[in-house]
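Chemist: The structure under discussion is supplied below as structure tokens; questions concerning it will follow.
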């Protein structure tokens, strides 16, 4: 057995371990049963907090969605936290407040999304805090479905799904497919009891638990409110659950320009600087480094291995390793595509879906390590601020 064959076998073993983890995530998503509901006679007061900075173009439709929630009005409040907007966001909210007693506008007591969330929590009267990004959309049953699920076990942190809407453009389609896989990793890992990712566009937490773990105190990074809170809750051994329920899905628009796309990924990659959970970091590194390691090994084998049976055996093992990495990743994204089609029957039926999924995966493999390295030195601007 040659050295190259040994290395190929090691790569195949690593790919099998990776495939086993992703297969477990996919089974949990496909076999997910809606979380048992609590006792409806126990009222849950919900404070819906919307951190907003320069969100004049998107906040009105979101607030209309929040106003339309089918949940007792006396148990629901909406708090918009203005994070130094300069585009008339506050004026739009104040206009809606004239006809909506359950809505309030407060000014952030600091800079950045974490400070805005902290300000919102300080003004909240609810037991359960529901966060929503100012550019998201949601259905009318979101608050009620969340309340019923939260009543059962009252976890400290509840993670929920986010659907990316890309539209007909190639860039939009790539982002949709990318997010299927990332949402699959978020849901699968959390349903398995080891949550590795979170999305601040759609999460909820127990207000007392947030205060007990210190909120965002001591965090000097401007971005990463979701990952930081997840890490802090896990470190404090607080219960974290995932609600894979169509009624709680929120939708966000994909970036429409390549510049916006790159800046967004740099901002997302920068979150990992403040995240110290080993399982999450290992999952991220495995996703990025495994295909690059396979690519380097494949090139080296065909450049340096001698022609003969040894090369044939090595190539066969390498091909199996590539398959063990590729197919589970595509199937995980497909599982989330099927879930989102339950939330929206018109979603997830795009033509050439498999081809787009493969293209998006290959693109991710190429740019993700480069973005991760670049994020160590570059702090992009987001809405006029450094992240």
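Numbering (my numbering), first residue to last: 1 to 387. Glycine included, every Cβ here is placed at the ideal spot set by N, Cα and C. For clarity, every value in this text was computed on a predicted model and none was experimentally measured.
1. Quick check on the DSSP output: the alpha helix (DSSP H) that includes residue 245 runs from which residue to which?
2. For residue 303, does the count of other Cβ atoms within 10 angstroms reach 16, so buried, or fall short, so exposed?
3. In the DSSP assignment, what are the bridge partners of residue 164?
4. Determine, using beta carbons only, whether residue 51 and residue 116 come nearer to each other than 9 Å.
5. Apart from the five residues just before and just after residue 288, which ones in its own chain have a Cβ nearer than 6 Å to its Cβ?
6. DSSP three-state label for residue 42, please.
7. Looking at C-alpha atoms only, which residue of 334, 330, 69, 375 is the closest neighbour of residue 141?
8. What are the boundary residues of the beta strand (DSSP E) that residue 81 is part of?
9. Nearest CA to the CA of residue 358: which residue from 59, 176, 340, 241?
10. Straight-line CA distance for residue 113 to residue 201?
11. Excluding sequence positions up to five away, which residues of its chain have a Cβ less than 6 Å from the Cβ of residue 85?
12. Name the two residues that bound the continuous beta strand (DSSP E) containing residue 306.
13. Check whether the Cβ atoms of residue 45 and residue 127 sit closer than 9 Å, and answer yes or no.
14. Could you check how far apart the C-beta atoms of residue 317 and residue 119 are, in whole angstroms? I think they sit under 8 Å.
15. By alpha-carbon positions, which one of 22, 172, 214 ends up nearest to residue 258?
16. Could you tell me the distance, in whole angstroms, from the CA atom of residue 206 to the CA atom of residue 192?
17. Near residue 107, what residues of its chain come up, given a Cβ to Cβ distance below 7 Å and the 5 sequence neighbours on each side ignored?
18. Out of 203, 152, 232, which one is the CA nearest neighbour of residue 214?
19. Ignore the nearest five residues each way along the sequence and tell me which others in residue 305's own chain have a CB closer than 8 Å to its CB.
20. Quick one: complete alpha helix (DSSP H) runs, 4+ long, within the segment 94–165?
21. Do the CB positions of residue 137 and residue 340 come within less than 9 Å of each other?
22. Quick check: the Cα distance between residue 378 and residue 331, rounded to an integer number of angstroms?
23. In angstroms, rounded to a whole number, what distance separates the CA positions of residue 18 and residue 333?
24. For the candidate residues 147, 77, 196, whose alpha-carbon lies nearest to that of residue 123?
25. On the criterion of 16 or more Cβ atoms from any shown chain inside 10 Å, does residue 153 qualify as buried, or is it exposed?
26. Would you report the Cα separation of residue 301 and residue 320, rounded to the nearest angstrom?
Modeler: On the basis of the coordinates in this document:
1. Per DSSP, residue 245 belongs to no alpha helix (DSSP H) and is neither H nor E.
2. exposed
3. 252
4. yes
5. 368, 369
6. coil
7. 69
8. 76–82
9. 176
10. The alpha-carbon atoms of residue 113 and residue 201 are separated by roughly 11 Å.
11. Correct list, in chain order: 53, 54.
12. Element bounds for residue 306: n/a, residue is neither H nor E.
13. yes
14. Contact flag wrong, Cβ pair sits at about 56 Å.
15. 172
16. 21 Å
17. 82
18. 232
19. 2, 4, 311, 314
20. Secondary structure remark: continuous alpha helix (DSSP H) runs of at least 4 residues inside the segment 94–165, in chain order: 113–123, 142–153.
21. No, these two residues do not count as a Cβ contact at 9 Å.
22. 33 Å
23. 15 Å
24. When 147, 77, 196 are compared, the shortest CA-CA separation from residue 123 is found for 77.
25. By the 10 Å Cβ count, residue 153 comes out exposed.
26. 15 Å
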